Each structure stands twice: as structure tokens, then as C-alpha cells.
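Residue numbers (this note's numbering): -5 to 135. The beta-carbon is built from N, C-alpha and C at its ideal position, and this holds for glycine as well. Computed from a predicted model, the values in this text were never measured in an experiment. Since the structure comes first, as C-alpha cells, the remarks are kept for the end.
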């Protein structure tokens, strides 16, 4: 999905440069490609994502992590703090999320950016807000 999303972002950026700012019209136009791409996820030869669906069990992706002390599990909407809004880099997001009430604080920052840019002009995206969920885990030693 990341390659398709980047292609669509470039196209949206080009169109905005030409004065087309209606993100809902762009999303309606791009939706068939997004839906087709999403139907390919978790299938052989394509990308896998974590979804709450039994079909995801058919395409497990194992990543050797060793024994990390901390872990952050988050949706792409929460990760917008890094890749769309530039509020943090990866290390900064992890650090902020591990602080007391950190996930809530990061989420509030994300929502502030989205409220300040409802037309999606400052931060290019196809909808004003996305679901944003995260859980930070710390192992007891």
C-alpha cells in the first residue's frame, strides 16, 4: 500500500499545485485503486498488515526482535505523527509514547494538527482525520 499511497500523494500534490483542493473529489477518484490495493493485502506475493480478520492468519510475518524492553503497536493513523505531520521521528514517537500518559498526549497532538488543517492543505492527506490507536508496552525485568 505504501507505494500506491505515495503515487497517489504525488498525484494529489500535482493537482493541488494546479489549484485543485477538494480532497473528497480526489479520494472519490482514487478510491477504486485504493480498494483494489487493499483487497490484495495479506495475499501471497503482496504486503501484509495486521488486521482483525482470520484471513490475516494465512500470511504471518515474523520479525525477529530479540528481547526488546519496550514496544509500541500503533495504527497508521497514530503513525501520522511521524510520516504526515512531522511531529516526531521514530525514536521521538517511541519516547513520547512511553512517557506517563504518552499515548494520550501524542494522540492529542495528532488531533490538534488535524483540527488546525481541516481542508488537508498544510498536511496532504485524503481525509481530515484517521483512526489512531496505539498501545505502548514495557517488559518487567
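Straight-line Cα distance separating residue 117 from residue 110: 10 Å
Cβ-Cβ separation, residue 132 to residue 64 (assumed contact under 8 Å), whole Å: 5 Å
Cα-Cα separation between residue 134 and residue 112, rounded to whole angstroms: 41 Å
For residue 93, three-class secondary structure by DSSP: coil
CB-CB length for residue 42 against residue 66, believed under 8 Å: With 8 Å as the limit, residue 42 and residue 66 do not qualify as a contact, their Cβ atoms being about 19 Å apart.
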